[in-house]
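The block underneath contains the structure these notes are about, expressed in structure tokens.
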Amino acid sequence: MNKLDHVSGKEVKSPETEMKASPVPTSIFLKKGARPKICLQIYGRDLETARKFAFHGLITGTLTPIIARTFLYYFFLEKKFVLTEDWKPHGIKIGDQGDSISISEVLDISTEITVKDGPECTRTEEDDFWIAISCAAVYRVAHSNVKGDYRQKVWKTCMASIAANFPGSDRPTITQPQNLTPFSSDVQTPYLLSAIDMIMCRFPRHPMSRIRVGTQMWRWKNCDILFTIQYISRQLGLNNNENLVAWCKHTGACNEFRRLAESEEDTDPEGYVPYTRGMQLSPMSVLSSTANPDIHLWAHTMGVLLHRDRSINARDLAGSDHATIFECALFTVYALINSMHADFQICFVSAESEYSVKDLNKKMRENLAKLSQVDDSAPPEFRQPREKDRCSWWAWYNDQGGAAVAKKWAKAELRKITNVRRGTVGEWLSTYKL
1 MNKLDHVSGK
11 EVKSPETEMK
21 ASPVPTSIFL
31 KKGARPKICL
41 QIYGRDLETA
51 RKFAFHGLIT
61 GTLTPIIART
71 FLYYFFLEKK
81 FVLTEDWKPH
91 GIKIGDQGDS
101 ISISEVLDIS
111 TEITVKDGPE
121 CTRTEEDDFW
131 IAISCAAVYR
141 VAHSNVKGDY
151 RQKVWKTCMA
161 SIAANFPGSD
171 RPTITQPQNL
181 TPFSSDVQTP
191 YLLSAIDMIM
201 CRFPRHPMSR
211 IRVGTQMWRW
221 KNCDILFTIQ
231 YISRQLGLNN
241 NENLVAWCKH
251 TGACNEFRRL
261 AESEEDTDPE
271 GYVPYTRGMQ
281 LSPMSVLSST
291 ANPDIHLWAH
301 TMGVLLHRDR
311 SINARDLAGS
321 DHATIFECAL
331 FTVYALINSM
341 HADFQICFVS
351 AESEYSVKDL
361 NKKMRENLAK
371 LSQVDDSAPP
381 EFRQPREKDR
391 CSWWAWYNDQ
401 GGAAVAKKWA
411 KAELRKITNV
421 RRGTVGEWLS
431 TYKL
């Protein structure tokens with residue numbers, strides 16, 4: 001996967017290389033090879049009218065979902081992209097190599113048109129692309145998972161991207177709509193934004209791929225278990241998801257991993273699967289945390305023990321076997337943070353400190369040395385393993401008193417967890433009795 005950051009503090013970018021498992025049963029949304037169907041309510045019958053409404057709405061802060069939807073629809077309706085290879089996601093054929101495709105090949109679109117004359121506007125087709133990006137950006141802000149200041153950061157990021165991509169233009173200042181609720185509750189436009197992103201993912205070097213500054217959020221939306229797995233893997237110094245799975249000793253979490261990995265028939269990251277949420281293809285993505293509660297809790301328990309804010313504030317999903325999951329998570333995190341291995345990447349000092357990289361590495365090793373608790377004077381069979389070998393660690397943890405040592409460490413770490421929010425993994429662990 002590509003590098004990801006958490007939605008509560010930084011931008012989340014869609015992965016280009018995902019787990020093998022991202023299954024959504026195609027029978028849910030693809031009947032006899034049919035494309036997802038949507039009826040769009042729009043204003044006017046052409047792009048010129050749509051441009052008038054969209055431009056006026058953007059500069060006055062009066063943009064509405066139907067105006068944004070109308071412009072995006074007419075702007076992309078005639079845009080054609082030539083396939084360099086066959087595009088045949090599981091269950092449907094979109095096009096063969098050499099075919100020209102548009103959003104009409106991805107979605108089965110019908111329209112309900114309300115004829116209106118737009119306000120006076122002197123803008124031309126040369127302005128259409130930045131208007132389209134701006135309309136998409138409004139939806140990105142409206143669907144940001146965190147309100148308040150973070151939404152403003154997202155808006156500034158989008159505006160900075162537009163300014164960088166259209167330097168020297170006479171583009172006026174764009175005003176963010178004050179009421180974003182209609183955009184966050186709109187169920188029609190996400191179909192369109194998802195289809196646009198689905199196409200542009202296949203043409204990453206095309207000039208129009210810049211639209212993804214506003215559409216990429218729909219790729220793998222509500223598939224947060226992917227991001228959780230990658231995030232925790234990175235925090236534990238593991239190179240890929242497969243390594244994390246290998247360290248999982250919890251039966252429920254292993255079963256969830258297995259279900260994801262074995263669903264190859266309905267798995268296709270180049271098809272509709274990543275856009276389950278935007279295209280309303282299924283009530284709940286099988287890659288959501290809700291559908292994988294044991295993986296979610298196991299991974300974020302490790303994150304809390306590492307004092308990671310993302311995990312501390314993660315939802316505590318009911319129904320999981322908390323005690324057993326804690327034992328398995330403690331084993332994994334303790335073994336990995338104490339494995340003195342060349343590719344180990346955890347740093348226990350603040351990322352905001354002014355240490356140099358050399359100092360950070362030195363401090364990391366000092367902290368690891370304090371945590372290792374290796375007693376060279378003890379008989380070999382009771383010494384804590386030094387290598388990242390899960391069999392040796394499992395034997396030490398279960399048969400050589402390692403569990404008691406790990407719990408002593410965990411108790412000290414959990415005492416440091418304060419100011420937790422209700423209903424979170426952090427709250428559960430801060431009150432957990434070891």
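Numbering-wise (the UniProt record's numbering), the sequence shown opens with residue 1 and increments by one.
Beta carbons are placed, not taken as given, at the ideal position from N, Cα and C, and that holds for glycine.
Here the structure is a predicted model, which means the values were calculated and not measured.
On the criterion of 16 or more Cβ atoms from any shown chain inside 10 Å, does residue i qualify as buried, or is it exposed?
{"i": "GLN216", "result": "buried"}
{"i": "ILE113", "result": "exposed"}
{"i": "ASP197", "result": "buried"}
{"i": "ASN255", "result": "exposed"}
{"i": "PRO105", "result": "Pro is not the amino acid found at residue 105; the sequence shown has Glu there. Buried, since its Cβ has 16 or more Cβ neighbours within 10 Å."}
{"i": "GLY402", "result": "buried"}
{"i": "GLY168", "result": "exposed"}
{"i": "ASN398", "result": "exposed"}
{"i": "ARG258", "result": "exposed"}
{"i": "GLY61", "result": "exposed"}
{"i": "MET284", "result": "exposed"}
{"i": "HIS206", "result": "exposed"}
{"i": "GLN176", "result": "buried"}
{"i": "LYS52", "result": "buried"}
{"i": "SER110", "result": "exposed"}
{"i": "GLN230", "result": "buried"}
{"i": "ASN338", "result": "buried"}
{"i": "PRO36", "result": "buried"}
{"i": "ASN179", "result": "exposed"}
{"i": "PRO293", "result": "buried"}
{"i": "VAL82", "result": "exposed"}
{"i": "ALA318", "result": "exposed"}
{"i": "ASN419", "result": "exposed"}
{"i": "SER144", "result": "buried"}
{"i": "LEU297", "result": "buried"}
{"i": "CYS201", "result": "buried"}
{"i": "CYS158", "result": "buried"}
{"i": "ALA404", "result": "exposed"}
{"i": "THR122", "result": "exposed"}
{"i": "LEU287", "result": "buried"}
{"i": "THR332", "result": "buried"}
{"i": "LEU434", "result": "exposed"}
{"i": "residue 436", "result": "As displayed, the chain neither begins before 1 nor continues past 434, which places residue 436 out of reach and without an answer."}
{"i": "SER377", "result": "For SER377, the predicted model reports a pLDDT of 46, less than 50, meaning its position is unreliable and no value from the coordinates is stated."}
{"i": "SER185", "result": "exposed"}
{"i": "ASP149", "result": "exposed"}
Between residue i and residue j, which are expected to be in contact by the criterion C-beta below 8 angstroms, what is the C-beta distance as a whole number of angstroms?
{"i": "LEU236", "j": "MET302", "result": "7 angstroms"}
{"i": "ILE131", "j": "ALA54", "result": "5 angstroms"}
{"i": "ALA50", "j": "GLY44", "result": "6 angstroms"}
{"i": "ASP86", "j": "GLN97", "result": "5 angstroms"}
{"i": "LEU330", "j": "LYS407", "result": "7 angstroms"}
{"i": "VAL138", "j": "LEU63", "result": "6 angstroms"}
{"i": "ILE38", "j": "ILE101", "result": "That belief does not hold up - the Cβ atoms of ILE38 and ILE101 are roughly 17 angstroms apart, past 8 angstroms."}
{"i": "ASP46", "j": "TYR73", "result": "Between TYR73 and ASP46 the Cβ distance is about 11 angstroms, and since that is not below 8 angstroms, they are no contact."}
{"i": "THR423", "j": "ARG315", "result": "According to the sequence shown, residue 423 is Gly rather than Thr. Contact flag correct, Cβ pair sits at about 6 angstroms."}
{"i": "ILE295", "j": "ALA253", "result": "5 angstroms"}
{"i": "ALA142", "j": "PHE183", "result": "4 angstroms"}
State the beta-bridge partners of residue i as determined by DSSP.
{"i": "LEU40", "result": "THR111"}
{"i": "SER100", "result": "VAL82"}
{"i": "TRP220", "result": "TRP220 is not bridged to any residue."}
{"i": "ARG315", "result": "THR424"}
{"i": "GLY168", "result": "Answer is none; GLY168 lacks a bridge partner."}
{"i": "TRP87", "result": "GLY95"}
Any heavy atom of the ligand NAP closer than 7 angstroms to the Cβ of residue i?
{"i": "SER144", "result": "Ligands displayed in this structure: none; no statement on the ligand NAP is therefore possible."}
* Would you be able to state if there are at least three C-beta pairs under 8 angstroms between the region 158-167 and the region 244-256? => Not touching, per the Cβ criterion.
* To do: Determine contact between the region 127-142 and the region 207-215, defined as no fewer than three beta-carbon pairs at a distance below 8 angstroms.
  => Proximity of the region 127-142 to the region 207-215 meets the contact definition, three or more beta-carbon pairs being nearer than 8 angstroms.
* To do: Would you check if there are 3 or more beta carbon pairs closer than 8 angstroms linking the region 290-304 to the region 270-281?
  => Inter-segment contact for the region 290-304 and the region 270-281 is absent: fewer than three beta-carbon pairs are separated by less than 8 angstroms.
* Asked: Would the region 408-426 and the region 305-317 be scored as touching if the rule is three or more Cβ pairs under 8 angstroms?
  -> Yes, they touch.
* Kindly confirm or deny that the region 323-335 and the region 290-301 touch, where touching means at least three C-beta pairs closer than 8 angstroms. => Yes: at least three Cβ pairs fall under 8 angstroms.
* Pair every Cβ in the region 183-195 with every Cβ in the region 60-76, then say whether three or more of these pairs are closer than 8 angstroms. => The region 183-195, when compared against the region 60-76, does touch it at the 8 angstroms Cβ threshold.
* What are the start and end residues of each continuous beta strand (DSSP E) run of 3 or more residues lying completely inside the region 42-77, in chain order? -> Listed in chain order, there is nothing to give.
* Can you list the alpha helix (DSSP H) stretches of 4 or more residues lying completely in the region 187-216, in chain order? -> Complete alpha helix (DSSP H) runs here, min 4: 189-200, 212-215.
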